[in-house]
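K.L.:
Heads up: the sequence shown runs through residues 1396 to 1627, numbered per my numbering.
Glycine included, C-beta positions come from ideal geometry on N, C-alpha and C.
Have a look at the structure that comes next, please.
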Amino acid sequence: MNLREVRALLDESLGSNDLSNETKNLYINYGQRLLDRMADLSVHRARMMYKLEAGSYVIPTGEEVRFVINIRGTYDGSVIVLEKKSLEELLLLYPDRTTTGTPAVWAANYPSASSSSLTSDSFDIPVNMLDIASNDVDSNVRIIVAPTPESTLYVDAYVFRYTSKLVNDESVSFWSLNYPFLLVTAATVIYDRMMRNTEGVRAGLEVVMSELFEVQKDTVSSELPEDMTMEG
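Here's what the structure looks like:
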């Protein structure tokens, strides 16, 4: 189904047509985000390539990236393996951003609202990652490497991507094409949350979790060799 058809289903689910198309589109797209976050499906895995200049240590991944699984890099003509750390572990190992060398570790970080100030020598979150609005639920994940590279670092990242947004009436996505009724249920959960309908949210999430279990089974089954999926 395309966005127009999904909106019609949402009208039926809500029992009214009082919302503007723009508002319904928001609920539907946030419903997709909810489904993406609740199900790590192989169809959303991707490889992304980034270039990090010497002296920089933060890679903005772009709004389409939801989660970074792993990375490797090419540095001074050689492939290097970087060890995954939590941001806290990375900062304990390399508290000073002026420490340079061949990158050895990486961490993924989501920006959040903050009013703290930075010191001139701290290995900290860059200024443009501060003061994120409290309702900015689409803040982009960043990859942070340490120590700070002395020359260009090319990064090959293995990630989970968000489903493509539905931007016009004819646009389609993984969820709208394959699981439109589940998408409408997720959009209804977002609507109920906005309306502070706790019981509606709880009931909707139970349905979503049950349906996603079946989706994940279907996805795994479709990836198995034919002789492993045949009965008997």
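(1) Which partner residues does LYS1479 have in the DSSP bridge list?
(2) What residue from THR1543, SER1571 and LEU1436 has the CA that sits closest to PRO1498's CA?
(3) LEU1430 and LEU1577 look like a contact to me (Cβ under 8 Å); what is the Cβ gap, rounded to whole Å?
(4) Along the beta strand (DSSP E) that carries LEU1429, what are the first and last residues, could you check?
(5) Report the rounded CA-to-CA distance for PRO1455 versus VAL1536, giving the unit in angstroms.
(6) Taking all protein chains shown into account, decide if ILE1585 is buried (16 or more other Cβ within 10 angstroms of its Cβ) or exposed.
(7) Apply the 10 Å Cβ neighbour rule to PHE1608 and answer buried if 16 or more other Cβ atoms are within range, or exposed otherwise.
(8) Would you list, in sequence order, the uninterrupted beta strand (DSSP E) runs of no fewer than 3 residues that lie entirely inside the segment 1589 to 1616?
(9) Please name the residue, chosen from ILE1475, GLY1472, ALA1502 and ASN1412, that lies closest to LEU1486 on a Cα-to-Cα basis.
(10) Does ASN1465 come out as helix, strand or coil in the three-state DSSP assignment?
P.N.:
Let's see:
(1) For the purposes of this step, residue 1479 is identified with residue 84 of the sequence shown, where counting begins at 1. Its beta-bridge partners are TRP1501.
(2) Taking the sequence shown and counting its residues from 1, one reaches residue 1498 at position 103. Answer by Cα proximity: THR1543.
(3) The residue you call residue 1430 lines up with position 35 of the sequence shown. The residue you call residue 1577 lines up with position 182 of the sequence shown. Indeed, because the Cβ distance is near 7 Å, the residues count as touching under 8 Å.
(4) Within the sequence shown, residue 1429 is the residue found at index 34, counting from 1. Unbroken run through LEU1429 is the alpha helix (DSSP H), 1416 to 1433; no beta strand (DSSP E).
(5) In the sequence shown, residue 1455 corresponds to position 60, counting from 1. In the sequence shown, residue 1536 corresponds to position 141, counting from 1. Using only the alpha carbons, I get a separation of about 7 Å.
(6) Position 190 of the sequence shown, counted from the first residue, corresponds to residue 1585. When all chains shown are included, ILE1585 counts as buried.
(7) Your numbering for residue 1608 matches position 213 in the sequence shown. Classification for PHE1608: exposed.
(8) none
(9) To locate residue 1486, count along the sequence shown from 1; it is residue 91. The candidate whose alpha carbon is nearest that of LEU1486 is ALA1502.
(10) Numbered from its first residue, the sequence shown carries residue 1465 at position 70. In the structure shown, ASN1465 sits in a strand (DSSP, three-state: E or B).
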